[in-house]
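Participant:
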Amino acid sequence: MRTYNPFGFTLDFEPSNVHFIQKLKTSDVSEIFHISYEEHPYFLKVFHMGDDPGFSPDGRDLCRYRCESQAYFSLSRHGACDQGIVPQFYGVLENLDPSIFEPDLEAFKGDKNQPCGILLEYLQDASTFTSDERSEELFLYSTEALKQIHQARVIHNDPHPTRNLLVASGHRGNGEDRLDGL
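Start counting the sequence shown at 1; every next residue gets the next number (UniProt numbering).
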């Protein structure tokens, strides 16, 4: 199995070295897992790959996997991952065989096509971003982070952006909270 990363080369990805620790989130489109690979922690976001939904009338790609993987490639190339604005992006895994990862990828076995995944930095003790418990400084930081994301030509069309934001306590290098998109 190969993974394609932001640097343009492929890496061998050995399924026997993957250990699923916990399923963190499930939706109709994807599931997010905390995994370890060769004893290093990661987030693995696995996408259902049904019929290709194509493009909207205004030209937007409607395939969530393609949208998110291309967004992470762009964010990585523009330094947003290195700046801690979004988690480090380690690459994509295409055509995952759910039977190799049973029972963890059981939900993908009946899909028309094999799922694809995005491998990301694991943020320990991350929590969902909520407006009621966060500081003004974190809101200012999030505004600057959003500017950096837009400079990478990534536009997030979610009307509820906070459902994709995480706060990782003490991960900004100075003991302060770090806001990340996932």
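C-beta: ideal position from N, C-alpha, C; glycine also.
Between which residues of its own chain and Ile85 is the CB-CB distance below 6 Å, once the five residues before and five after are set aside?
Facilitator: Ala145 and Gln148
Participant: Going along the chain, which residues of its own chain have a beta-carbon closer than 8 Å to the beta-carbon of Asn17, five neighbours each way excluded?
Facilitator: Cβ neighbours of Asn17 beyond the five flanking positions: Tyr37 and Glu38.
Participant: Could you give the C-beta distance for Pro98 and Lys109, rounded to a whole number, given that I count them as a contact under 8 Å?
Facilitator: Indeed they touch by this definition, with Cβ atoms about 5 Å apart.
Participant: I need the DSSP call for Phe43, collapsed to helix, strand or coil.
Facilitator: Collapsing the DSSP output to three states places Phe43 in a strand.
Participant: With DSSP run on the structure shown, which of helix, strand or coil describes Ser27?
Facilitator: coil
Participant: With a threshold of 16 other CB atoms inside 10 Å of the CB of Asp104, please say whether the residue is buried or exposed.
Facilitator: Asp104 should be labelled buried.
Participant: To which residues of the same chain is Tyr72 closer than 7 Å at the C-beta, ignoring the five residues directly before and after it?
Facilitator: Phe89 and Ile118
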